[in-house]
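Q:
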Amino acid sequence: MDELLRFAFGLVVLAVLWYFFRTLARFVDNVAKYNKTQHEILERLDQIQKDLDELKAGGGSEQ
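Under this note's numbering, think of the first position of the sequence shown as 2, with each following residue one higher.
Laid out in structure tokens, this is it:
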């Protein structure tokens, strides 16, 4: 009986460790995706600012 309890406890510990590392991996992956998305947004804002500056330099009175 003692061996069965130790085996069950080992399975529980293994499951908890697996869940912990799976959650940690998802968190790291989501942070990487967020940083990539943030970088893409900043690049797009830079491009929009350049386009706006070009329009201002060109007069911009045309409608």
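For glycine and all other residues, C-beta sits at the position ideal for the given N, C-alpha and C.
#1: What is the rounded straight-line gap between the Cα of L5 and the Cα of V13?
#2: Rounded to a whole number of angstroms, what is the C-alpha to C-alpha distance between I49 and N36?
#3: Using only the alpha-carbon positions, how far apart do R27 and A58 sit?
#4: Quick one: grab the DSSP three-state call for G11.
#5: If we ignore side chains and look at the alpha-carbon of each, how far apart do D47 and Q39 end up?
A: On the basis of the data shown:
#1: Here residue 5 refers to the residue found at position 4 when the sequence shown is read from its first residue. Here residue 13 refers to the residue found at position 12 when the sequence shown is read from its first residue. Taking the straight line joining both Cα atoms gives about 12 Å.
#2: To locate residue 49, count along the sequence shown from 1; it is residue 48. To locate residue 36, count along the sequence shown from 1; it is residue 35. Looking at the backbone, the Cα of I49 and that of N36 are separated by about 20 Å.
#3: The residue you call residue 27 lines up with position 26 of the sequence shown. The residue you call residue 58 lines up with position 57 of the sequence shown. Cα to Cα, R27 sits roughly 46 Å from A58.
#4: To locate residue 11, count along the sequence shown from 1; it is residue 10. In the structure shown, G11 sits in a helix (DSSP, three-state: H, G or I).
#5: By 1-based counting over the sequence shown, the position of residue 47 is 46. By 1-based counting over the sequence shown, the position of residue 39 is 38. Spanning the two alpha carbons is a distance of roughly 12 Å.
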